[in-house]
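Inspection log for the structure reproduced underneath, given as structure tokens.
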Amino acid sequence: MVEPEFRRFDTRALHAGQYPDPATGSRAVPIHQTTSYVFDSVDQAAGLYNLETSGHIYSRISNPTVAVLEERLASLESGVGAVCTASGMAALHLAVATLLNTGDHIVASRNIYGGAFILMNHTLPRFGITTTFVDPRDPEEFAKAIKPETRLVFAETLGNPGIEVLDIDAVSDVAHAAGLPLCVDSTFSTPYLINPIEHGADIIMHSVTKFLGGHGVAIGGAIVDGGRFDWEASGKFPTLTEPYEGYHNITFTEEFGPAALSMRARAEGLKDFGACMSPANAFYLLQGVETLPLRMARHVENTKHVVELLDGHDAVEWIKHPSHPSHPDHDLAKRLYPKGSGAILSFGVKGGRQAGRKFIESVKLASHLANVGDAKTLVIHPGSTTHQQMSVEDLETAGISEDLVRVSVGLEDAEDICGDLDKALKASQR
Amino acid sequence: MFISLDGKQVHGATGAVSFEGRSDPIVVLIHGAGMDRTVWSQQTRFLAHHGFRALAVDLPDHGKSEGPVLESVPALSDWIAEISDHFGEKIHLVGHSMGALTALHAAGHHKDSVSSVSLLGVGASMPVHPELQEAADANDVKAAQLITSWGHGTKHHLGNNPTPGLSMTGGTQALIESATRGVLSVDLAACSSYEEAVVAAENIECRTLFLLGSEDKMTPRKSAQPLIDAVSAEKEVVDFSSTGHMVMIEEPDLVRQKLLAHMASS
Numbered sequence: 081m082v083e084p085e086f087r088r089f090d091t092r093a094l095h096a097g098q099y100p101d102p103a104t105g106s107r108a109v110p111i112h113q114t115t116s117y118v119f120d121s122v123d124q125a126a127g128l129y130n131l132e133t134s135g136h137i138y139s140r141i142s143n144p145t146v147a148v149l150e151e152r153l154a155s156l157e158s159g160v161g162a163v164c165t166a167s168g169m170a171a172l173h174l175a176v177a178t179l180l181n182t183g184d185h186i187v188a189s190r191n192i193y194g195g196a197f198i199l200m201n202h203t204l205p206r207f208g209i210t211t212t213f214v215d216p217r218d219p220e221e222f223a224k225a226i227k228p229e230t231r232l233v234f235a236e237t238l239g240n241p242g243i244e245v246l247d248i249d250a251v252s253d254v255a256h257a258a259g260l261p262l263c264v265d266s267t268f269s270t271p272y273l274i275n276p277i278e279h280g281a282d283i284i285m286h287s288v289t290k291f292l293g294g295h296g297v298a299i300g301g302a303i304v305d306g307g308r309f310d311w312e313a314s315g316k317f318p319t320l321t322e323p324y325e326g327y328h329n330i331t332f333t334e335e336f337g338p339a340a341l342s343m344r345a346r347a348e349g350l351k352d353f354g355a356c357m358s359p360a361n362a363f364y365l366l367q368g369v370e371t372l373p374l375r376m377a378r379h380v381e382n383t384k385h386v387v388e389l390l391d392g393h394d395a396v397e398w399i400k401h402p403s404h405p406s407h408p409d410h411d412l413a414k415r416l417y418p419k420g421s422g423a424i425l426s427f428g429v430k431g432g433r434q435a436g437r438k439f440i441e442s443v444k445l446a447s448h449l450a451n452v453g454d455a456k457t458l459v460i461h462p463g464s465t466t467h468q469q470m471s472v473e474d475l476e477t478a479g480i481s482e483d484l485v486r487v488s489v490g491l492e493d494a495e496d497i498c499g500d501l502d503k504a505l506k507a508s509q510r
Numbered sequence: 063m064f065i066s067l068d069g070k071q072v073h074g075a076t077g078a079v080s081f082e083g084r085s086d087p088i089v090v091l092i093h094g095a096g097m098d099r100t101v102w103s104q105q106t107r108f109l110a111h112h113g114f115r116a117l118a119v120d121l122p123d124h125g126k127s128e129g130p131v132l133e134s135v136p137a138l139s140d141w142i143a144e145i146s147d148h149f150g151e152k153i154h155l156v157g158h159s160m161g162a163l164t165a166l167h168a169a170g171h172h173k174d175s176v177s178s179v180s181l182l183g184v185g186a187s188m189p190v191h192p193e194l195q196e197a198a199d200a201n202d203v204k205a206a207q208l209i210t211s212w213g214h215g216t217k218h219h220l221g222n223n224p225t226p227g228l229s230m231t232g233g234t235q236a237l238i239e240s241a242t243r244g245v246l247s248v249d250l251a252a253c254s255s256y257e258e259a260v261v262a263a264e265n266i267e268c269r270t271l272f273l274l275g276s277e278d279k280m281t282p283r284k285s286a287q288p289l290i291d292a293v294s295a296e297k298e299v300v301d302f303s304s305t306g307h308m309v310m311i312e313e314p315d316l317v318r319q320k321l322l323a324h325m326a327s328s
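Residue numbers (my numbering), protein chains in the order written: chain G, 81 to 510; chain U, 63 to 328.
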């Protein structure tokens, strides 16, 4: 039987988007630390500005180093293209700003990163874009919240910090039935653990800062365009299906078909809003992507050990990770995440807020900071940090109790990670 | 832009440059099996801004053109000739794969309609692997995967797309997946059943350009040679190394330049 032959995931993590530099033979992706690019001629310059031809003009719009990362992420996610941004939040804003206008509406999971919640609940309304938040475990809630002015359905593949597992197939069916795209934040899962496009997602958003970069050295974000959503059939997205005066009346679906979103996001969103990724950051993040398969496998393996430690520990009230049988999405996770459901987990320390605080102050190896997806094990108390701007009611709605501690399991020796957590847990009870 | 042929709506991209009030020569770009106008996105706007009225058509039942799908290369070529009739002038033809066979047949049999012809990813015959045809008949996504896999040269499987951020293979696969159900099956059958390519090539009187990929697995380079040999009119052959079947996507800059030079001197 004949089968399509594509480079496998691990190979593409190392090579997609790049050939050795023809001028120097450089095997590593060069850092093109330049703002701009010399034009061959006036005609060539005009062609670039007019989207008649391809190439780089100015590094706010595109840069060769960043383009390698973009193409690599598009390849790993099986998308048609990607646009990298200054941060994950800039990526979310780029998706929203490219597709939505004043008066439009979003239906979003209520269990999302605190920064994304604040953007949608407080900041976007200033620009006339409102959001209804729903339970990510109930596709019916998404359906009921959709209004005539809804333009986007948004959720995280693995929620934050309760690790709610999104049934991407079911929620994408709901979105598509209403003529809407599903945008998922796949930061916690990465393309190594799941391919959301295969499950029906249309746009994938990443904080590349996290597991993709993997080393906590650079901030970056990306949107990946699945290229399967029929913007014209939907009829709800004039930014893609009607002439854009800002680019000589080009209609992006007309000229670029499946890549319409990618092209508009770059031609307008990056150019006009300017939240581009720096070439140096793209280089750092590429180093992480190259070892993504190796690191994620180890992250997941170490997480198993941490879950085993916490399960039944005297100082632990509860544990939330989809691999644990008590997690409401345990069966769904087994179906969607055969390689493992990520390396972020949360648990409650017996004794509530004070015990949680003592635990955080007692860890010696794990680092207390506001990040996840580092090579090093990280811990945080969301109620007083990442989600501290949310009201008590909003915290409860998002499933964040005051005793909740979030752990991003790193790549240290599992025995050392578990030993550190165990000692800190015991200290928390004294 | 929409035009009407035989009462059916025909759609084509013009590079967002209107035909109205212009007398520049017309170039019609014809896509391959299961694809649509957007496969020419790297050429349409360029040609539209370089002295041509460019029309990257959606063949019947492809993209935004009304059906029904046409079932043979001669029928497609008659349809292309109708576009020339619609505008009342000769047209330049640029075709890829099934679109190249269509352009070839039109150039050989509708000589009064064609100013020049450019053929990308073409062969004297286009047999279709039975498992590809089977997958297309079943509307199985595997058909899009096989074409994408075979359609790009080894180098371009990994990308390095001159268009920043876009994936060549990802774009090709998504485009074929978007085809109306059943259309790819009909297109592939039209390719494999067409046996008049060499005769059409012998009839050509206009300037002919061949743009061929050295790693083309869909229409291997050697399969183009009988056509090249059969064309007695002025011709140019351009071989692209490390390039597969999707020449206009894999080598967009060179294809643009070659098309422009070819048509400008025709």
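For every residue, glycine included, the Cβ atom is placed at its ideal position computed from N, Cα and C.
Closer than 8 Å at the beta carbon, the chain G residues around residue i
i: Thr106 (chain U); result: Glu335
i: Ala75 (chain U); result: Glu334, Glu335
CB contact below 7 Å: residue i versus chain G
i: Glu277 (chain U); result: no
i: Pro226 (chain U); result: yes
i: His111 (chain U); result: yes
i: His62 (chain U); result: Any property of residue 62 (chain U) remains undetermined from this structure, which presents chain U solely from 63 to 328.
i: Gln195 (chain U); result: no
i: Gln319 (chain U); result: no
i: Ala162 (chain U); result: no
i: Leu237 (chain U); result: yes
i: Thr216 (chain U); result: no
Inter-residue spacing [alpha-carbon to alpha-carbon] between residue i and residue j
i: Ile283 (chain G); j: Glu151 (chain U); result: 44 Å
i: Ala223 (chain G); j: Leu204 (chain G); result: 22 Å
i: Phe317 (chain G); j: Leu109 (chain U); result: 28 Å
i: Pro189 (chain U); j: His124 (chain U); result: 22 Å
i: His219 (chain U); j: Thr305 (chain U); result: 10 Å
i: Val380 (chain G); j: Thr267 (chain G); result: 15 Å
i: Leu273 (chain G); j: Thr237 (chain G); result: 10 Å
i: Gln124 (chain G); j: Arg318 (chain U); result: 12 Å
i: Phe81 (chain U); j: Phe64 (chain U); result: 11 Å
CB contact below 7 Å: residue i versus chain U
i: Phe427 (chain G); result: no
i: Asn361 (chain G); result: no
i: Arg231 (chain G); result: no
i: Arg378 (chain G); result: no
i: His393 (chain G); result: no
i: Val82 (chain G); result: yes
i: His95 (chain G); result: yes
i: Gly354 (chain G); result: no
i: Ala103 (chain G); result: no
Cβ distance (whole Å) where residue i is taken to contact residue j below 8 Å
i: Ile243 (chain G); j: Gly392 (chain G); result: Contact flag wrong, Cβ pair sits at about 19 Å.
i: Val485 (chain G); j: Phe427 (chain G); result: 6 Å
i: Leu163 (chain U); j: Ala259 (chain U); result: 6 Å
i: His173 (chain G); j: Thr230 (chain G); result: So it is not a contact: roughly 18 Å between Cβ atoms.
i: Val309 (chain U); j: Phe302 (chain U); result: 6 Å
Span of the alpha helix (DSSP H), counted from its first residue to its last, around residue i
i: Thr270 (chain G); result: 270-273
i: Asp202 (chain U); result: No alpha helix (DSSP H) holds Asp202 (chain U); DSSP gives it neither H nor E.
i: Leu412 (chain G); result: 410-416
i: Thr383 (chain G); result: 372-390
i: Ser255 (chain U); result: 245-255
i: Trp102 (chain U); result: Counting along the chain, Trp102 (chain U) falls outside any alpha helix (DSSP H), and DSSP gives it neither H nor E.
i: Glu220 (chain G); result: 219-225
i: Met169 (chain G); result: 168-179
Amino acids of chain G, ordered along the chain, whose beta-carbon sits closer than 7 Å to that of residue i
i: Pro314 (chain U); result: Ser134
i: Asn222 (chain U); result: Gly97, Gln98, Tyr99
Neighbouring residues, chain U, relative to residue i (Cβ below 8 Å)
i: Asn130 (chain G); result: Arg107, His111
i: Pro323 (chain G); result: Ala78
Limits of the unbroken beta strand (DSSP E) element including residue i
i: His185 (chain G); result: 185-189
i: Gly428 (chain G); result: 424-429
i: Glu151 (chain G); result: No beta strand (DSSP E) holds Glu151 (chain G); the alpha helix (DSSP H) holding it covers 144-156.
Amino acids of chain U, ordered along the chain, whose beta-carbon sits closer than 9 Å to that of residue i
i: Phe86 (chain G); result: Gln207, Thr210, Ser211, His219, Thr231
i: Arg346 (chain G); result: Pro226, Gly227
Interface residues of chain U facing residue i [CB-CB closer than 7 Å]
i: Glu150 (chain G); result: Pro226, Gly227
i: Thr331 (chain G); result: Ala78
Residues that residue i contacts on chain G, provided the C-beta gap is smaller than 9 Å
i: Ser240 (chain U); result: Gly307, Arg308, Asp310, Gly337, Pro338
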